[in-house]
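Number of protein chains: 4
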Amino acid sequence: MAGSTYGNRFRIMTWGESHGEGLGVVIDGCPAGVPLDEEDVQVMLNRRRPGQSKYTTPRNEADEVKIMSGVFEGKTTGTPISMMVLNKTQRSGDYSEIASYYRPGHADYTFDEKYGFRDYRGGGRSSGRETIGRVAAGAVAAKILEYLGIKVTAYAKEIAGIGIDYDKFSMEAAADNAFNMPDADAAAEVETRATKIMAQGDSVGGVIECVVTGMMPGIGETVFDKLDANLAKAVMSIGAVKGFEIGDGFAVAKATGLSNNDAFVIKDGNVSKATNHSGGILGGMSDGSDIVLRAAVKPTPSISALQNTVNKSGEDIEVSIKGRHDPMIVPRAVVVVEAMTALTLVDMILENMSSRIDYIADFYKR
Amino acid sequence: MAGSTYGNRFRIMTWGESHGEGLGVVIDGCPAGVPLDEEDVQVMLNRRRPGQSKYTTPRNEADEVKIMSGVFEGKTTGTPISMMVLNKTQRSGDYSEIASYYRPGHADYTFDEKYGFRDYRGGGRSSGRETIGRVAAGAVAAKILEYLGIKVTAYAKEIAGIGIDYDKFSMEAAADNAFNMPDADAAAEVETRATKIMAQGDSVGGVIECVVTGMMPGIGETVFDKLDANLAKAVMSIGAVKGFEIGDGFAVAKATGLSNNDAFVIKDGNVSKATNHSGGILGGMSDGSDIVLRAAVKPTPSISALQNTVNKSGEDIEVSIKGRHDPMIVPRAVVVVEAMTALTLVDMILENMSSRIDYIADFYKR
Amino acid sequence: MAGSTYGNRFRIMTWGESHGEGLGVVIDGCPAGVPLDEEDVQVMLNRRRPGQSKYTTPRNEADEVKIMSGVFEGKTTGTPISMMVLNKTQRSGDYSEIASYYRPGHADYTFDEKYGFRDYRGGGRSSGRETIGRVAAGAVAAKILEYLGIKVTAYAKEIAGIGIDYDKFSMEAAADNAFNMPDADAAAEVETRATKIMAQGDSVGGVIECVVTGMMPGIGETVFDKLDANLAKAVMSIGAVKGFEIGDGFAVAKATGLSNNDAFVIKDGNVSKATNHSGGILGGMSDGSDIVLRAAVKPTPSISALQNTVNKSGEDIEVSIKGRHDPMIVPRAVVVVEAMTALTLVDMILENMSSRIDYIADFYKR
Amino acid sequence: MAGSTYGNRFRIMTWGESHGEGLGVVIDGCPAGVPLDEEDVQVMLNRRRPGQSKYTTPRNEADEVKIMSGVFEGKTTGTPISMMVLNKTQRSGDYSEIASYYRPGHADYTFDEKYGFRDYRGGGRSSGRETIGRVAAGAVAAKILEYLGIKVTAYAKEIAGIGIDYDKFSMEAAADNAFNMPDADAAAEVETRATKIMAQGDSVGGVIECVVTGMMPGIGETVFDKLDANLAKAVMSIGAVKGFEIGDGFAVAKATGLSNNDAFVIKDGNVSKATNHSGGILGGMSDGSDIVLRAAVKPTPSISALQNTVNKSGEDIEVSIKGRHDPMIVPRAVVVVEAMTALTLVDMILENMSSRIDYIADFYKR
């Protein structure tokens, strides 16, 4: 495979370019009987849709999803689910110039080195539109998790250097501002700072945090397929992500065993933890606490400010990237982090079912 | 699979428990013709060996590797390479008590939840000894990279809150101190601080950095199998790692597009980059610059200081973990990070060979 | 995965039901630079199209393929190729009755047992239309093989008990008759016999043979991924296939070592074989001779003659299957065997590229 | 991977050469809690052991298996199970001559073409001893099937052209004769004919049949991972197998729909089948009947009778293969067919557990 396949048990294959016919995904391995209609997927896709505020690209793409297979009478059938969004507003003319040079911070150069040429229209396969397939599949994964009582929630923890205050944490606030930021005051500060940076033709980065509630313990495989390892791959595979943390993340480097270990305690008769430095995962397996992860998102590389680069004739040149680009990716990437997290959890929840022979025998005795 | 398999083209399966017969690895997919003998593997294994200083566990295990298959007349044959280290100093008695309770920060609880019971002797499969298989396979991967002119070097960037000064950077220094720290002064500081913390029965964490030189561009697959995504999984799968960064990592969150983009420049007639914020990877593919990654390593959870936990009878108890444990994992984990990086690079270098039909046709015309 | 994914290096995922929105396939791992347009795929799809003679179902479906992604300026780009055929003539009313009972020889009962319910319209995912995805992907694989000088040709070797005479072998004849039978006389006999059996509301089976010319030696992996093992899986995965042979197949059971071994001989200075009992594969690897394989195809299970079966209420009933069904599958399955063979060959040709470190080093030195 | 890995959920990696240190297998994905000791594996290994009669090679290898990991207090722990047989009676001198030429019917030539050189001692990795890993892993799979009430039984159906008479079928007889043939009279005939052919320095082939009883319905995945497709690959991957059949196999080519369809009937209130032409699989999923499959095994290619071949200097030569070779492989391959069948069944039984969301939810509610 050349990289557009993800998952083992719940496996997806995404396809499509920014300026081709459309984009989509096929899911192989979705259990039968999951209630699903196009609206379930559309709601999640709408959250990554551009054009919702001045901080995101003004392209007003409808991105209407169509389910092509695998659903019958409102339920998944166990056969592949093919979903598709047709491209509508391709203005290839916008992009013709960039065919001749390599945009800094983009995949233009590496694509040419790998494949010998590239579909330069709108970034082709390395466009942010590639995430449509991830989010559509993630919506199906989220339905499965919902069935099992598990919920995945991501939000902007920090943008342009301004972080949220957990004392003011409110997911209602996140829904109200253009930044998916669960702290209204921080969002207001971001607005001021980002506006200023945007005015200079520049862009900003940030940190996305994602919390999973309702996880059963024991999910994740030992050694290489640790739950946190697979989550790391899933989240790091998103375009602009440059760092990943689980639980206390890089802060553990300065901690000691005493401060970092989570004491087990009996709570309501069950094994529980007094703290959650581990981020809900011990030895690569879920420990029953909330899973907490974070992703560092780089500033959008497409900026109108003048930059140095080279063209395909081997000359040093100066460029200013035109076109409809988000000055910050964080707000729209929040739902992509949720999607990749959900896809990974479903894959490993299914994987875990073969862990014990007694449970397997019970399963087949039904 | 249940998680002890890694890689697609260069695939390894590791096995073994801390107190079983031994530990090992089988490699399926190693190209034929790689010069290899046991000494190549032993040298790398020795770097993870315990008992080398007072900061690492005093178990003086020889950990002698034996190659069981796949090598003939000093070269790999293309068939599976099986390597094995027999366990010698199993003192199971040391561990019998821990069978009854869940050690904080360890996988005891999650193992029981997943499998119904566990091999409690020395942590069983979740012991640090599990990394023997990783490092042995990594040694073979390193030989392949060497053949291709690529070198992977890891070191301690920070321990117990004390970081290296890049102006004093010296890999010779790293070889001279017990911490694999390429800054003699920082290492001296670590010694002072760590000794103090150890005296309290506590442990420390740190950060490992890894640099890859000599990489050709274009390695890595788009979308899900980005080179950085696969490196993230590889490194996060190591026992105590809680965070991963590529290039500037979490610092990108506070950067802007202008400060974070690496300008392309023509250097000696070739496309090059003026800076390397990207850490050698653009759009998931190597860009020809050095690859730079970091891992956050948590403090050893096994500490003799008193901790709260619960036993299997559901009672809250206090414990002090006895036994031979490293008060810091970072120095010994350095070679494991190198191994996982090398394994991932080889896998993706092989994967990349099918990227272009003209190159494939040339390959078969030979 | 739940079974609709095939291949490792050249990986396909097919989707779609007989009476859903359409059917299609996504290819992940197609090399860049392969010349490809919709006509290349359409030509191969037309060969499986129904309605071409009275021996195949009278549904006159256009089955027009559309390439949705992965091709730019007439060449594959290395990114996923999504192809799709929309369903046009769904007459679901034809099939409503079969929802209530289990058709003998069909997957109705096993689908219900596995998934709890099924999309009963036209067999849903177990319809012969499922092969559209296989054939579309196979057309791309065939283009790659053509680039490398390899050709895959299948034909009907036997239908309704009437076999071809190799002395009269002519692929022109195969193109001229409704049975894809490379012997005009045998085809005439089949016509007579099949007409008679069809008149009784019954159906017939046969054998498809497939020959690969131009293969380089050494393709195939030892032990489990032998080329013949993978071809067996590929061909046995086609709906009605119940047997598979490579080379002399079941005849080897009655042979002796002397009669079955192919002597090596020097021919024009190269190693060659005096005979080809092995069918072009030795020890699981291609030996440079033509690859010869065969598939046994069962008679169409959908027949109008009266049969006993049971309904979902647990009652014994008699049924006569109505609807538009082929009385023989062999002629239309020929191109499916070619497709599955081509897909397998491409996958293993790509796999083979990492067999030798010297060749790998040369590859990257270019 | 280079082919020594098999299975997805219950995954094995085998290793070892005829004349290396030993041979073995690692299993990744074995459920925890399966009762297992070395005797369970030894019993099955003993059935493939050479030296048991004059029809099999006189090498009297003990082939004692050692379990190195993954078992604790008599039960599997869910972690990798490593098993190993050390080589004892390597007489490399026997084989030195064959390094210079290509044995007809063997993998010598294809190995050289693929890898550039080969471990020529005793066939190296393509020796029949390679099956030790398969059988050891198969023994573990058989224990899992036993836990679930499923039994796999193979036997020689035909040797040297002499087939069994099902009216005289007796598995006790199979245990009593040197051929694993469940018909004492047929076995006696084989003895006569085989002795005569052996006297000419020649060898014989045959057919192995395998029956699975106790299968639940619904196992197998649709489209590419049909149960019969995966069984075909598993069985065809065994060294000398050249053909595979499920149910009526190649006989379906001459059948009609009426004669080949199995009528469903209600029996004791359950859905059952009046006949079993399908061999227990419909649409790629088990239908609850016995699974019946067959493998065609070629005559041993190593014969002492004079044969033509070529040497590595490109000369035509005549050879007589010396050494300790079985004049028939069938009797010893019977247990290998059982092993590969068991491995495939376990893999797909585990795979099937994620077919339905309601069952998954129930599983996690426990």
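Chains as they are written, first to last, in the working numbering: chain A, 332 to 697; chain B, 332 to 697; chain C, 332 to 697; chain D, 332 to 697.
In this text, a Cβ means the ideal position worked out from N, Cα and C, and glycines have one as well.
These numbers come from a predicted model, not from an experiment.
Chain C within 8 Å of residue i, Cβ atoms only
i        : result
Gln373/D : no
Tyr337/D : yes
Classification of residue i by the beta-carbon crowding that lies within 10 angstroms, buried from 16 upward
i        : result
Thr544/D : exposed
Leu674/C : buried
Ala605/B : exposed
Val374/C : exposed
Gly600/D : exposed
Tyr497/B : exposed
Phe309/A : Missing from the structure shown is residue 309/A; chain A here goes from 332 to 697 and no further.
Leu354/C : buried
Gly494/A : buried
Asp516/A : exposed
Leu562/B : buried
Ser651/B : exposed
Phe323/C : This structure leaves residue 323/C out entirely; chain C is present only between 332 and 697.
Gly480/C : exposed
Ala438/A : buried
Ala560/D : buried
Length of the line joining the Cα atoms of residue i and residue j
i        : j        : result
Pro632/A : Val661/A : 13 Å
His608/D : Val357/D : 37 Å
Thr462/A : Phe694/B : 34 Å
Glu404/B : Met415/B : 19 Å
Val466/A : Leu558/C : 37 Å
Leu681/D : Ser457/B : 24 Å
Ala627/A : Phe581/B : 5 Å
Gly532/D : Leu376/D : 28 Å
Ala571/D : Gly610/C : 13 Å
Ala565/B : Ser620/B : 20 Å
is_contact[residue i, chain B] using C-beta, thresh 8 Å
i        : result
Thr462/D : no
Gly334/A : yes
Gly459/D : no
Pro662/A : no
Met309/D : Past the edges of chain D, shown from 332 to 697, lies residue 309/D, and the structure says nothing about it.
Closer than 8 Å to chain D by CB, residue i
i        : result
Asp689/A : yes
Met529/C : no
Ser620/A : no
Cβ-based neighbour list, residue i, same chain, cut-off 8 Å, excluding 5 preceding and 5 following
i        : result
Glu649/A : Leu637, Gln638, Asn639 and Thr640
Thr553/C : Gly614, Gly615 and Met616
Ile612/C : Gly551, Lys557, Leu558, Asp559, Ile577, Gly578, Asp618 and Ile622
Contacts around residue i, its chain only, beta-carbon distance under 6 Å, and the 5 residues preceding and following it disregarded
i        : result
Arg342/B : Asp359 and Gly360
Examine the Cβ distances between the segment 574-588 of chain A and the segment 529-537 of chain B and report whether three or more of them are shorter than 8 Å. yes
Would you check if the segment 338-347 of chain B and the segment 396-407 of chain D touch, i.e. whether three or more CB-CB distances between them fall below 8 Å? Yes, the segment 396-407 of chain D touches the segment 338-347 of chain B.
Validate contact between the segment 362-373 of chain C and the segment 443-453 of chain A using beta carbons, cut 8 Å, 3 pairs: yes
Would you call the segment 647-666 of chain B in contact with the segment 502-512 of chain B, where contact means no fewer than 3 C-beta pairs closer than 8 Å? yes
Say whether the segment 640-648 of chain D touches the segment 448-457 of chain D, bearing in mind that this needs 3 or more beta-carbon pairs closer than 8 Å, one atom from each stretch. no
Is there contact between the segment 571-578 of chain B and the segment 515-527 of chain A, where contact requires at least three CB pairs shorter than 8 Å? no
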